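First up is the structure itself, then whatever we jot down about it.
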Amino acid sequence: MRGRADGSQRRRLLPSLCVVAIFLVFLYVYHGSIFGSQKALEYGSRSLRKLGLTGDDDADLGSKLDESSSKFGQEDGEDDVIPKSFPVCDDRHSELIPCLDRNLIYQMRLKLDLSLMEHYERHCPLPERRYNCLIPPPAGYKIPIKWPKSRDEVWKANIPHTHLAHEKSDQNWMVVKGEKIVFPGGGTHFHYGADKYIASLANMLNFSNNNLNNGGRIRTVFDVGCGVASFGAYLLSSDIITMSLAPNDVHQNQIQFALERGIPAYLGVLGTKRLPYPSRSFELAHCSRCRIDWLQRDGILLLELDRLLRPGGYFAYSSPEAYAQDEEDLRIWREMSALVERMCWRIASKRNQTVIWQKPLTNDCYMERAPGTQPPLCRSDDDPDAVWGVPMEACITPYSDHDHKSRGSELAPWPARATAPPPRLADFGYSKDIFEKDTEVWMQRVESYWNLLSPKITSDTLRNLMDMKANLGSFAAALKGKDVWVMNVVPEDGPNTLKLIYDRGLIGTIHNWCEAFSTYPRTYDLLHAWTVFSDIEKKGCSAEDLLIEMDRILRPTGFVIIRDKPSVIEFVKKYLTALHWEAVSNERDGDELVFLIQKKIWLTSESLRDTE
């Protein structure tokens with residue numbers, strides 16, 4: 001009996017000990033996380049705490065901030081909890097892209113098909129897992145080198161990753177030279193320079209003076225698997241703007257290098273979702289050893305390119321399959337040739353290691369295909385311009401009756417294209433008068449912006465600009481005479497005017513500002529937010545989250561222009577100190593206020609110590 005009693009006592013004791021142990025561990029972790037996060041950030045006399053995710057830490061403050069973060073119209077003192085400082089993310093998050101975060105995928109245990117590149121597509125954190133902290137610059141960060149010098153060199157400290165220089169040392173991608181990383185202009189296929197390679201493509205197409213611009217008829221180009229975007233960099237001198245696309249894959253930071261150089265670029269992948277660009281956006285698509293399996297899933301990736309190409313558009317393909325004689329490459333070439341033939345593409349030119357296919361101008365070839373030919377035409381109810389989160393379809397997008405009859409895109413050559421009314425205006429019921437007035441209004445507004453900026457900038461201060469709500473693209477069109485480029489962003493739930501922007505010879509993407517943008521931290525010099533905050537208030541999204549996201553995107557010493565209603569401006573003003581932003585000017589323009597802000601440069605204590 002005594003033995004059985006002792007056993008039962010031990011059985012009752014064990015759960016109690018477990019509860020006590022769990023409680024002690026909780027206290028240790030809790031207090032450890034609190035005290036361990038009190039490292040000072042040296043910024044003048046202020047100090048900020050280093051935290052990671054929102055959650056247990058600062059939960060009460062976080063909930064109060066969430067309650068007030070979108071109340072633009074509230075009176076002062078009415079639940080008005082505004083932080084004096086934001087936490088600073090750990091240094092390991094200095095290159096965080098919240099919706100392309102591999103760690104988040106692991107933590108959420110998402111079941112993704114790696115063979116379809118789903119792990120390189122956007123997967124955004126739930127609101128309770130969002131970072132509520134400011135992204136610190138890396139140790140030794142310097143103000144980026146100015147354009148056009150930046151095309152050829154950047155500070156190594158700003159992107160301290162040299163593995164690509166070693167991995168691609170025989171291909172002239174990039175070379176480390178002291179404190180800088182230098183870009184000789186080479187690529188996997190064009191070791192001896194992108195400029196010579198570009199001239200050879202123009203020569204293959206019999207364009208005059210070996211200029212790929214072709215008298216302004218080729219303006220927008222899509223470079224898939226772009227590396228560090230040297231192809232797009234060297235097209236800029238020909239008045240060609242390129243959307244350079246690459247995933248955050250084993251060649252990490254290639255898009256970060258491109259943007260640091262001042263070259264248009266975007267993080268994305270040909271996976272399962274349509275790319276965030278409307279149909280008929282590009283005159284030319286390019287793949288130079290981009291290592292994409294174009295034959296997979298009934299040619300669905302090649303059909304996505306077909307959707308993006310304009311009538312008569314080109315696909316320049318430089319790859320072993322185009323010239324090699326081994327059995328596997330010959331098989332791929334035969335199958336790919338058969339696929340594009342069924343898609344009604346024709347070979348415009350083939351020379352050495354490159355083939356250039358051309359898309360048809362009309363529907364004639366599609367109508368002449370034998371019944372049951374694969375790939376099929378897309379359903380009549382398929383909207384080729386619906387792209388946000390829309391799965392790709394293995395089908396051919398035919399032209400409308402109007403486009404079929406016009407035998408082309410009817411676009412003016414560049415630069416007249418920037419201000420000429422786009423043919424697709426009629427899709428929105430907009431008249432030429434509306435378009436011309438919008439162009440004129442934004443010409444005046446941009447001139448006013450530059451007058452406000454002029455005490456703070458010189459001719460080469462700004463390079464990478466973003467219009468967060470681009471509408472018809474007139475903000476960017478007004479800047480065509482300046483040495484800048486603009487990423488035009490069109491909201492995913494409004495009129496899909498992005499196709500008008502591409503028809504003006506500009507580039508951009510669809511996005512939802514309730515989520516993080518697909519770019520690295522510190523990649524834009526100026527953000528223009530016209531009624532963006534008012535829009536997300538209607539959606540019920542957090543304006544505070546948007547401010548933190550804008551800070552992530554913005555380079556130190558960069559600028560924000562907020563054009564919105566007065567209550568929005570008053571709301572933003574309350575966060576300036578916490579964000580380390582500084583008000584430059586505040587002007588009234590009709591019913592709207594124009595608030596110009598500059599981001600200060602700051603470093604964490606760890607960065608300062610490493611720099612020293």
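Residue numbering for the sequence shown follows full-length UniProt numbering, beginning at 1 and increasing consecutively. Using N, Cα and C, we set each Cβ at its ideal position, and we do this for glycine too. These numbers come from a predicted model, not from an experiment.
Relative to the C-alpha of residue i, which residue among the options is closest?
i	options	result
G185	S349, A229, N213 and T497	A229
G268	H511, A583, G299 and L554	H511
A583	L596, G262 and D591	L596
S237	P371, Q254, C290 and N213	N213
P160	R92, L104, N203 and D113	R92
E410	E328, T458 and I218	I218
P391	V81, K273 and L134	K273
P375	G299, A265 and Q358	G299
L245	N211, C287, R261 and W602	C287
I507	Q296, D535, N471 and A529	N471
A316	E393, W450, I332 and S349	S349
H123	E515, M204 and E327	E515
Q358	E328, K538, L308 and G389	L308
A199	Y234, T220 and G227	Y234
R504	G473, D223 and T242	G473
G216	L462, E537, A543 and E283	E283
I356	A285, P311, D326 and D403	A285
L339	G232, R369, D326 and P311	R369
T220	L361, A412 and S318	A412
Since I believe residue j is in contact with residue i (beta carbons under 8 Å), could you give me their beta-carbon distance rounded to a whole number of angstroms?
i	j	result
M343	I396	6 Å
N464	W485	7 Å
V154	K180	7 Å
F533	D564	5 Å
Specify the secondary structure class of residue i as computed by DSSP and reduced to three states.
i	result
P375	coil
F35	Below a pLDDT of 50, predicted positions are generally treated as unreliable, and F35, at 33, falls in that range; no measurement from the model is reported.
L309	strand
E67	The predicted position of E67 is uncertain, since its pLDDT is 43 and thus under 50; a value taken from the coordinates is nonetheless stated next. DSSP places E67 in helix when its eight states are reduced to three.
L27	Unreliable placement is indicated for L27, whose pLDDT of 48 sits below 50; the coordinate value is still reported in the next sentence. If DSSP states are grouped into helix, strand and coil, L27 belongs with the helices.
R609	Any answer about R609 is weak, because its pLDDT of 45 lies below 50 and its placement is not dependable; what the coordinates show is given next. Helix, per DSSP.
H286	strand
F222	strand
L593	strand
A348	strand
V484	coil
F315	strand
R407	coil
residue 617	Outside the displayed span of the chain (1 to 612) sits residue 617, for which this structure offers no information.
D383	coil
L126	coil
S281	coil
G55	Because the pLDDT of G55 is 36, which lies under 50, any placement of that residue in the model is unreliable, and the number read from its coordinates should be weighed accordingly. Looking at G55 - three-state DSSP - the assignment turns out to be coil, as it is neither helix nor strand.
G508	strand
D525	strand
S542	coil
P320	helix
D460	coil
Closer than 6 Å by C-beta to residue i: which residues in its own chain qualify, once you throw out the five before and the five after it? Chain order, please.
i	result
L452	S585 and L596
L112	E118 and H119
P278	D385, L498 and K499
T531	D564
Q256	I159 and Y520
N210	A199, A202 and N203
L302	W294
Mind checking which residues open and close the alpha helix (DSSP H) that includes residue i?
i	result
N512	Where N512 is concerned, there is no enclosing alpha helix (DSSP H), given that its DSSP letter is neither H nor E.
M367	D364 to E368
M336	E327 to R342
Q444	K432 to L453
Q107	R102 to M108
Y502	L498 to D503
Y234	S230 to L235
Could you spell out the range, first to last residue, of the beta strand (DSSP E) harbouring residue i?
i	result
G558	L554 to D564
I198	No beta strand (DSSP E) holds I198; the alpha helix (DSSP H) holding it covers A194 to M204.
V176	V175 to K177
Q353	That residue, Q353, is in no beta strand (DSSP E); it is neither H nor E in DSSP.
S244	I241 to A246
K180	K180 to V182
Can you give me the Cβ contacts of residue i inside the same chain, cut-off strictly under 7 Å, excluding the 5 residues immediately before and after it?
i	result
A478	W442, M443 and V446
I145	E153, V154 and W155
C89	G52, L96, Y131, C133, L134, I135 and P136
Y43	At Y43 the pLDDT is 29, less than 50, meaning the model places this residue with poor confidence; the figure from the coordinates comes in the next sentence. Excluding positions up to five away in sequence, the list reads H580 and W602.
D329	P320 and E321
Excluding the 5 residues preceding and the 5 following residue i in the sequence, name in chain order all residues of the same chain whose CB lies nearer than 8 Å to its CB.
i	result
M487	P264, Y266, N464, L465, M466, D467, I507, G508, T509 and Y524
Y575	I82, P83, E544, L547 and W581
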